[in-house]
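Visitor: Can you read through this structure? Questions will come right after.
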Amino acid sequence: HGASWNFVLWGAYFACFLMLEKAGLLRWLQRLPRLLRNAYALTVIAFSWVLFAFEDWPMISRHWQAMLGGGGGGIATPTDFYLLANYGLLLIILAVAATPWPRQTVHQLLAAAKHPWLAELFYPAFMALILVLSTAYLVDASYNPFLYFRF
58 HGASWNFVLW
68 GAYFACFLML
78 EKAGLLRWLQ
88 RLPRLLRNAY
98 ALTVIAFSWV
108 LFAFEDWPMI
118 SRHWQAMLGG
128 GGGGIATPTD
138 FYLLANYGLL
148 LIILAVAATP
158 WPRQTVHQLL
168 AAAKHPWLAE
178 LFYPAFMALI
188 LVLSTAYLVD
198 ASYNPFLYFR
208 F
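See the structure below:
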């Protein structure tokens with residue numbers, strides 16, 4: 058790595074956050090609920106990705122402005138509605154799957170099962186179903202060039 062100044066900007070960006078967190082922001086963040094701490098981390102990371110996507114500062118600042126709702130494009134575009142209509146259900150399913158709830162539910166069901174051997178048969182079948190569905194989504198996805206090709 059190190060093909061452009063983007064990497065230096067990325068390092069300076071995270072250095073600023075590290076210094077802010079060492080100066081007291083971390084103590085304040087630790088008092089927040091876990092969901093808000095995760096949202097903070099994801100926001101910082103999402104804004105850092107822009108540093109890799111664009112080569113010059115005006116494009117970076119315009120993209121950051123658009124991420125904050127500025128730039129005249131509005132919050133939601135017709136493309137956003139199209140993506141939500143096509144992938145909204147998947148988004149909801151994956152959001153629920155990313156919580157502890159499914160694991161807790163499976164453990165409760167297994168503990169209450171009258172026939173544990175059925176669970177041993179169900180688990181591989183369920184994993185096979187997930188594999189088939191994941192493969193179908195990958196095959197259906199449009200072509201994406203290699204992410205790091207320019208590096």
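Each residue of the sequence shown is one higher than the one before, starting from 58 at the first, in our numbering. Where is the CB? At the ideal position from N, CA and C, for every residue including glycine. Keep in mind it's a predicted model, so treat the numbers as computed, not measured.
#1: Please go through the same chain and pick out, in chain order, the residues whose beta-carbon is closer than 7 Å to the beta-carbon of Ala154, but skip the five residues on each side of it.
#2: Would you say Asn48 and Leu108 are within 8 Å of each other, going by their C-beta atoms?
#3: How long is the line joining the alpha carbons of Met184 and Trp121, rounded to whole angstroms?
#4: Can the beta-carbon of Leu86 be found less than 8 Å from the beta-carbon of Tyr97?
#5: Go ahead and pull the three-state DSSP assignment for Thr156.
#6: So Ser105 and Phe138 are in contact, right, with Cβ under 8 Å, and what is the actual spacing, rounded?
#7: Need the endpoints of the alpha helix (DSSP H) that Thr134 sits in, please.
#8: Which residue wins for smallest C-alpha separation from Leu92, given the options Ala80, Ala170 and Ala152?
#9: Looking only at its chain, what residues have a beta carbon closer than 6 Å to the beta carbon of Gly126, apart from the 5 residues adjacent to it on each side?
#10: Figure out for me which residue from Leu66, Thr192, Gln165 and Ala169 has the closest Cα to the Cα of Asp113.
#11: Round the Cβ separation of Ala176 and Ala170 to the nearest angstrom and send it over; I've been treating them as touching at under 8 Å.
Guide: Walking through what the data contain:
#1: Nothing listed; no residue qualifies.
#2: Past the edges of the chain, shown from 58 to 208, lies residue 48, and the structure says nothing about it.
#3: So the two alpha carbons sit approximately 39 Å from each other.
#4: Between Leu86 and Tyr97, the gap from beta carbon to beta carbon is short of 8 Å.
#5: Three-state result, Thr156: coil.
#6: Actually they are not in contact, since the Cβ atoms of Ser105 and Phe138 sit about 28 Å apart, beyond 8 Å.
#7: Looking at the DSSP string, Thr134 is not in any alpha helix (DSSP H), and its letter there is neither H nor E.
#8: It is Ala152 whose Cα lies nearest to the Cα of Leu92.
#9: Excluding residues up to 5 positions away in sequence, Ile132 lie with their Cβ nearer than 6 Å to the Cβ of Gly126 in the same chain.
#10: Shortest Cα-Cα distance from Asp113 to any of Leu66, Thr192, Gln165 and Ala169 involves Leu66.
#11: Indeed they touch by this definition, with Cβ atoms about 6 Å apart.
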